[in-house]
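Numbering (this note's numbering), first residue to last: 16 to 98.
First up is the structure itself, then whatever we jot down about it.
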Amino acid sequence: MADFKDEPSPRLIGRLAGASASFDRTAFEQNAGTGIGDLELQARIDGIARALAATMPTSPEEAGRVIRGDPRCRGSGRCWTSC
16 MADFKDEPSP RLIGRLAGAS ASFDRTAFEQ NAGTGIGDLE LQARIDGIAR
66 ALAATMPTSP EEAGRVIRGD PRCRGSGRCW TSC
């Protein structure tokens, strides 16, 4: 079983990045993923949070889709909740 600190991983970043078409996937993955493997848990979470804040859509509706996982992508492997 993997360590809990490894849960915030490049795989998770990829799932978050694919949550909405209006989400800047490339910028998020670059901001959140750079050097994540070398970080401890809190630093990983902080980096992901900073990247989300920098790349989250400005529309509340689109931001909500990113946070909840856009229901239009369910089963596609592009959303990060309930896929």
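All C-beta atoms, glycine included, are put in the ideal place defined by N, C-alpha and C.
Owing to the predicted nature of the structure, the values given are computational and were not obtained by experimental measurement.
Alpha carbon to alpha carbon, how far is residue j from residue i? Give it in angstroms, no decimals.
{"i": "R26", "j": "D39", "result": "17 angstroms"}
{"i": "V81", "j": "T41", "result": "15 angstroms"}
{"i": "P23", "j": "D61", "result": "10 angstroms"}
{"i": "G79", "j": "A32", "result": "14 angstroms"}
{"i": "F19", "j": "P72", "result": "29 angstroms"}
So which of the options has the shortest CA-CA distance to residue i?
{"i": "I63", "options": "T73, E76, R80 and F43", "result": "F43"}
{"i": "R83", "options": "R30, D21, I51 and E22", "result": "R30"}
{"i": "N46", "options": "E22, S24 and L67", "result": "L67"}
{"i": "R65", "options": "E77, D18, T49 and F19", "result": "T49"}
Please classify residue i as buried or exposed, where buried requires at least 16 other C-beta atoms within 10 Å of its C-beta.
{"i": "T70", "result": "buried"}
{"i": "R59", "result": "buried"}
{"i": "L56", "result": "exposed"}
{"i": "P9", "result": "Only positions 16 to 98 of the chain appear in this structure, which leaves residue 9 out of reach."}
Where do the N-terminal and C-terminal ends of the alpha helix (DSSP H) with residue i fall, by residue?
{"i": "F19", "result": "No alpha helix (DSSP H) contains F19, which DSSP labels as neither H nor E."}
{"i": "D61", "result": "L56 to T70"}
{"i": "G79", "result": "P75 to R83"}
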